[in-house]
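Under our numbering, the first residue of the sequence shown carries the number 597, and numbering increases by one thereafter. Here the structure is laid out as structure tokens; the discussion comes afterwards.
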Amino acid sequence: MKHDKILLQFLRYLQTINYSEIVCRNTTNQIRHFLTFTDKPLSRINKKDVDTFISWLTTKTSDRTNNKLSNVHVNGYINSLKRFSRYLFDVRKVNLPIEHLKYLKVETEEKEVLEVNQVKMLFDVCDNTKLGMRDKAMLVLYYSCGLRRNEAIHVELSDIDFNNNILFVRKGKNGKQRYVPFTDQSHQILREYINVGRRRLNRKNKYRKTLFISRTGDKLQSKSLLNRLKVLCKKVDIDDTNIGLHTLRHSIATHLLQNEMSIYDISEFLGHSSLESTQIYTHIINE
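Next up, the structure:
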């Protein structure tokens, strides 16, 4: 095939900079579609070719569903083109004329999102009491790890791999399981809670598998964690009217997107079954 060599080199480039397998595969396939559509040498591709390809995508139907491609899907192609453009410039010193490309608008329900400095204040206000250590561990699971409300409640002590900084989500949405990485800082917070705060909470030495336990050593409910989050919000003067545990998940997804993490990686991180679910956060890019 005409473009096999450059596509293989592009794939290796993506793998070298540690993109996930799904990102490498999807991005390479989408660029293959683009190069096949234009049917030109790279040096001859112009702005009109790029625009024609995007226009064609907006009228194309999905081979799988036979429905018109969503703006989410088209934005995935635009994202791949931007990634391919960086590769061409960095490795081959070739300019692909895509600077003018804008992501298509996606109608989304407005989500409550905290700013980075607000999240930092929530962490900082946690004290060294047993509840304060649990509060900080709560922020790690819901913000740093992006877990859903019920996912965090069901996390067990054995689900945390401190050797590799990996968290096993055993009860995801629709029974889907996944692994989520966490940072060294989160490692330290979780260790402190388990070794100190959780032991202080479990004075009666009740046998509980779950990470989060109550003052009496019993399994904790999400409502109790929500109440603690609202306490923290009040301490740092954040309006908690529309704040929930899911707000922390929305916030980390938005912050990762703002820092140019691939939407495919964010989708995998959050445990979404489709890219459409992740697209609610791309309004930040449009803004």
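Positions of the beta carbon are idealized from the N, C-alpha and C atoms, including for glycine. All values reported here derive from a predicted model rather than from experimental measurement.
query	result
Sequence-distant residues of its chain with Cβ nearer than 7 Å to P777 (five each side left out)	N761, I762
Check whether D645 and T634 have beta carbons under 9 Å apart	yes
Whole-angstrom distance between Q854 and N746, CA atom to CA atom	26 Å
For K815: DSSP bridge partner residues	I809
Residues bridged to P777 [DSSP beta-bridge criterion]	I762
C-beta atoms of L866 and G742 nearer than 9 Å	yes
Classification of D731 by the beta-carbon crowding that lies within 10 angstroms, buried from 16 upward	buried
CB contact flag (S782, S740, <9 Å)	yes
Cut-off 8 Å between Cβ atoms - residues of its own chain near E752, not counting five sequence neighbours on either side	R766, K805, T806, L807
G825 versus K769, L603, Y738, residue with shortest Cα-Cα distance	The sequence given here has Leu at residue 825, not Gly. Among K769, L603, Y738, the Cα nearest to that of L825 is on Y738.
Where E788 sits in the DSSP three-state scheme	helix
Identity of the residues DSSP links to T654 by a beta bridge	According to DSSP, T654 bridges with nothing at all.
Pairwise C-alpha distance: Q773 and K678	31 Å
Cα-Cα separation, V832 to N838	16 Å
Under the three-state DSSP convention, the category K584 falls into	Outside the shown range of the chain, which is 597 to 883, sits residue 584, and nothing can be said about it.
Residue from R640, V619, R845 whose Cα sits closest to the Cα of A748	R845
Inter-residue spacing [alpha-carbon to alpha-carbon] between Q784 and V709	26 Å
Outcome for M857 when other beta-carbon atoms lying within 10 angstroms are tallied against a minimum of 16	exposed
Beta carbon of I641 nearer than 9 Å to that of I674	no
Residues near K636 in its chain [Cβ-Cβ closer than 8 Å; skip 5 each side]	D645
Unbroken alpha helix (DSSP H) run spanning N625, endpoints	617-634
Nearest neighbour of G813, chosen from Y803, L822, L821, T612 [CA to CA]	Y803
Cross-strand partners of D757 (DSSP beta bridge)	I762
E752 - DSSP class collapsed to helix/strand/coil	strand
In chain order, each alpha helix (DSSP H) run of at least 4 residues that lies wholly inside the segment 686-746	712-721, 726-735
Whole-number beta carbon distance between V690 and L727, since they are thought to touch under 8 Å	That pair is no contact at about 57 Å.
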